[in-house]
Amino acid sequence: MNGRYEWQKTKLELVSEIKKLGFPESLGNEIAVNLGSPKAMERMIAYLRYVKPYKAELIVDEMLAICSDIDRWHKKKMSEAANASYNEMLEEGL
């Protein structure tokens, strides 16, 4: 599936879920942009369907939590790659 198509499709689904809860479309658009990826938006959609938050602040808090998890994962992967390079250098020598 085309990445741009998948992003747009998931964004529309996210916006639809936010509108179903009575929030403006603009909130959904901003949440989608901040989450950035279809996978992150799918996490948010699952949250919206399961929790059915009644305040916009709860939606934004969840968005920030998802973004924080993604950032933590990226840092972990960077650290693992750096550690692997360091170990390789130790094994092969300078």
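To convert, take the position in the sequence shown, counting from 1, and add 470; that gives our numbering.
Ideal Cβ positions, reconstructed from N, Cα and C, are used throughout, including at glycine.
Given the structure is predicted, the values throughout are model-derived calculations rather than measurements.
Check, Outcome
"Whole-angstrom distance between Glu561 and Leu505, CA atom to CA atom", "40 Å"
"Backbone CA spacing between Pro508 and Gly563 [nearest angstrom]", "42 Å"
"Inter-residue CB distance, Ala510 and Ile540 (contact presumed, cutoff 8 Å)", "6 Å"
"Any C-beta of chain D under 8 Å from that of Met533", "Reference to chain D is not applicable here, since this structure consists of a single protein chain."
"Backbone CA spacing between Ile488 and His544 [nearest angstrom]", "27 Å"
"Terminal residues of the alpha helix (DSSP H) in which Lys509 lies", "508-521"
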